[in-house]
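Student:
In the UniProt record's numbering, the protein residues as written are 1 to 764.
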């Protein structure tokens, strides 16, 4: 406790050795108030304030005083003596006085408190806290969080409330909630690389990640003016980078619901998401600050607070961030459906669901700290966030961001470890880095940056298609390093998903990559990944998405009868045809609800007959088939076994009912794309005045093979591949088929754009 007599004196030394004059009052002035705030010894601590002045060079526990003056702060306690005062003590002192600010102090005084966090060699008690932040702002003559001016008396009740709030926040702002993701990150090797920016080569280590998350979380709390954001929505516009990772995790740390936005969306779409999610904060990087302001200028139902974050440059020292036992049930992520069939819905994925999804993938796909993932996907979908960010972070892998996708740049990056500085083929060392310098001398953007080999690549079919097309144009010398880069010896896992993978693309990639067979899987926003082929090449069957992943229960429900199709009874004994059914799923990986849409949530779930929980109706149709020599990998026998699933398409858009038969649009598309005449294809239900609907094909021709194509030529080409009722009766040749960011086609919009009226299906 400071000396009350000393608090009434007229002068006291600053850290510069000068004297600040204070008004004589019987009440405590601001210096007296600060003496009750913990951590303020940073002003005079020799490590925290290394300037060699009389005040700043005092040793701990032995504070010399200038003649005729008193120290503005009490002696620094030893570590065993340090403690945070109980809030009532602070409030008691505040309630007995009005607070007056002294004249503006020297810059060092203010900065000494503002920057006490993470100074090299600084003692542990100097870590930033609401107390020291409050005190630093007070010393500077303003308190941003309080929003009042200390040049005149402040109401006692307001100051008391602020002090109580600061006390309550003390533990929550210096630690992070103990969620599995943060626990895993804290256990990873702090010197291992978490994130790389491919273009600049900047690297960010696991040891600096949680410290950056904590500081960003605290900024979010300060911006919201709250000590708790439990369950509130935080929308953010941040480029694919370490900053995105920190922002996402900071939202989790604030126990809030992260709502990642696509910077490519027009303001109207972002406006819809902000309104529907009822976001309280709109966070942006400096790059997208103008975009955020544009959205905030639209008509919003609420007024989110805009927060602009500073770019992280890396190089922070390793911090041991404490994990507390506070409940983080409100934390999670909300992604919006692609809206290919309806208005986008907010899909709420609690932290427990995200963890279950990641753990399922780690078991199935064997993510490890040795994995180096090249990330070229958008970050507002489940594929880019869970598969390629959260799961690698949970397993300690390295994520290298290269966005937006550019096929030429990707090939250069993939080849870099296998090209010497002279541009010739190099030797891959034990760490996957070229023995010379691991750089491609022809690629100026990667100059002097060592490049590790890419071991993990997960993208959509259109990316593989563009990579294959671009590879044909590469010079002969770089072609071999690129093939080596994607071979099974170096790229241990190449995955395709989010849309059906055409057989020609799968076969072409296998040839190019010296036998690396693409792994197909099935998932959606509401469930994460649900089905997957196995790691053995024998388990990567063409057209199949494999088996239910660990922790996922799956079943097929007949669309006509509503009955469950039992395993092993997938062929109708009367007709001899395969029985197709809607995929229904349940387990810990399934989403909680559609945000603010209880009707849609109730509609998409059905109660289980066994009393073990509800099943989610995916709206996707599939068949099950036994596949010889598949599902024999003993290492994955717990889940990759039995009959395999083959997706037929969306019940609402890809199952075409014509002439009493059901046709899978995806099956027909697969056959069309196997024809040399076809570059791209979409099979749709075309309105027909006579039949209700007919099978129609919208194609982009491979003009190198055929300049024109008629409906009759198409039917002749498919005659030996499909039964007659599945062959398209209508053909439209176009120059472009619109797709969303994940390669999906809105078939309802496509039909409206290409086919003129309800009689369009009666061409033949």
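For glycine and all other residues, C-beta sits at the position ideal for the given N, C-alpha and C.
Here the structure is a predicted model, which means the values were calculated and not measured.
Considering only the alpha carbon of each residue, which of 358, 397, 351 and 457 lies closest to residue 375?
Tutor: Nearest C-alpha to residue 375: 457.
Student: Which residues mark the beginning and the end of the alpha helix (DSSP H) in which residue 216 is found?
Tutor: It spans 206 to 224 - the alpha helix (DSSP H) in which residue 216 sits, taken as one unbroken run.
Student: Where do the N-terminal and C-terminal ends of the beta strand (DSSP E) with residue 197 fall, by residue?
Tutor: Segment 193 to 197, the beta strand (DSSP E) holding residue 197.
Student: Please classify residue 569 as buried or exposed, where buried requires at least 16 neighbouring CB atoms within 10 angstroms.
Tutor: With fewer than 16 other Cβ atoms within 10 Å, it is exposed.
Student: Report all residues from its chain with a CB closer than 8 Å to the CB of residue 595; omit the five preceding and five following residues, and keep chain order.
Tutor: 276, 277, 334, 345, 346, 347 and 348.
Student: Given that a residue counts as buried once 16 or more other Cβ atoms are within 10 Å of its Cβ, and exposed if not, what is residue 476?
Tutor: Flag for residue 476 reads exposed.
Student: Compute the Euclidean distance between the alpha carbons of residue 224 and residue 305, then round it to the nearest angstrom.
Tutor: Looking at the two C-alpha atoms, the distance is approximately 7 Å.
Student: Out of 395, 273 and 268, point me to the one whose CA is closest to residue 260's CA.
Tutor: The shortest Cα separation from residue 260 among 395, 273 and 268 belongs to 273.
Student: Using the three-state DSSP reduction, which class does residue 247 fall into: helix, strand or coil?
Tutor: Here residue 247 sits in helix by DSSP.
Student: In or out: residue 343 buried (at least 16 other Cβ within 10 Å) or exposed?
Tutor: Its Cβ having fewer than 16 others within 10 Å, residue 343 is exposed.
Student: For the alpha helix (DSSP H) containing residue 691, name the first residue and the last one.
Tutor: Here residue 691 belongs to no alpha helix (DSSP H), and DSSP marks it neither H nor E.
Student: Take residue 308 and list the residues in its own chain whose beta-carbon comes closer than 7 Å to its own, dropping the five residues that flank it on each side.
Tutor: Same-chain partners within the cutoff: 284, 286 and 289.
Student: So what's residue 283 in DSSP terms, helix, strand or just coil?
Tutor: DSSP places residue 283 in strand when its eight states are reduced to three.
Student: Check each candidate in 527, 350, 671 and 606 and name the one with the smallest Cα separation from residue 728.
Tutor: Cα-wise, what sits closest to residue 728 is 671.
Student: Whose C-beta lies closer than 6 Å to the C-beta of residue 683 among residues of the same chain, with five residues either side of it excluded?
Tutor: These residues qualify, in order along the chain: 665, 668, 669 and 697.
Student: Using a threshold of 6 Å, is the CB atom of residue 555 nearer than that to any non-hydrogen atom of the ligand FAD?
Tutor: In the structure shown, the ligand FAD is absent, as is every other ligand, since no ligand is present at all.
Student: In whole angstroms, what separates the C-alpha of residue 597 from that of residue 336?
Tutor: Near 13 Å, if we compare the C-alpha coordinates of residue 336 and residue 597.
Student: In angstroms, rounded to a whole number, what distance separates the CA positions of residue 607 and residue 464?
Tutor: In a straight line, the C-alpha of residue 607 is about 40 Å away from that of residue 464.
Student: With distance defined between alpha-carbon atoms, name the residue in 542, 721 and 222 nearest to residue 646.
Tutor: Ranking 542, 721 and 222 by Cα distance to residue 646 puts 542 first.
Student: Please classify residue 676: is it buried, with 16 or more other beta-carbons within 10 angstroms of its beta-carbon, or exposed?
Tutor: Exposed, by the Cβ-count rule.
Student: Checking 7 Å against the spacing of the C-beta atoms, do residue 267 and residue 220 come in under that value?
Tutor: Not closer than 7 Å, so no.
Student: For residue 431, is the classification buried or exposed, using 16 other Cβ atoms within 10 angstroms of its Cβ as the cut-off for buried?
Tutor: Note that residue 431 scores 35 on pLDDT, short of 50, meaning its location in the model is unreliable and no value can be drawn from it.
Student: Mark residue 712 as exposed unless 16 or more other C-beta atoms lie within 10 angstroms of its C-beta, in which case mark it buried.
Tutor: By the neighbour-count rule (16 or more Cβ atoms within 10 Å), residue 712 is not buried but exposed.
Student: Contact between the segment 320 to 328 and the segment 172 to 190: three or more CB pairs below 8 Å?
Tutor: In short, these stretches touch, since the Cβ pair count reaches three.
Student: Starting from the C-beta of residue 270, find all residues in its chain whose C-beta is less than 7 Å away, skip the five residues before and the five after it, and write them out in chain order.
Tutor: Only 261 and 295 meet the Cβ criterion.
Student: What three-state label does DSSP hand residue 640 in the structure shown?
Tutor: Residue state, collapsed to three classes: coil.
Student: Is residue 460 closer than 7 Å to residue 659 when the C-beta atoms are compared?
Tutor: No. Outside cutoff.
Student: What separation, rounded to the nearest whole angstrom, lies between the Cα atoms of residue 192 and residue 202?
Tutor: Cα to Cα, the separation comes out at about 13 Å.
Student: Does the beta-carbon of residue 629 have 16 or more other beta-carbons within 10 angstroms, so that it is buried, or is it exposed?
Tutor: By the 10 Å Cβ count, residue 629 comes out exposed.
Student: For residue 626, count the other beta carbons within 10 Å of its own beta carbon; 16 or more makes it buried, fewer makes it exposed. Which is it?
Tutor: Residue 626 is exposed by the Cβ-count criterion.
Student: Give me, in chain order, the residues of the same chain whose beta-carbon lies closer than 6 Å to that of residue 499; leave out the 5 immediate sequence neighbours on both sides.
Tutor: The residues are 460, 461, 743 and 744.
Student: Measuring alpha carbon to alpha carbon, tell me which of 586, 716, 623 and 620 ends up nearest residue 605.
Tutor: Nearest of 586, 716, 623 and 620 to residue 605, Cα basis: 586.
Student: Excluding the 5 residues preceding and the 5 following residue 386 in the sequence, name in chain order all residues of the same chain whose CB lies nearer than 6 Å to its CB.
Tutor: 357 and 528.
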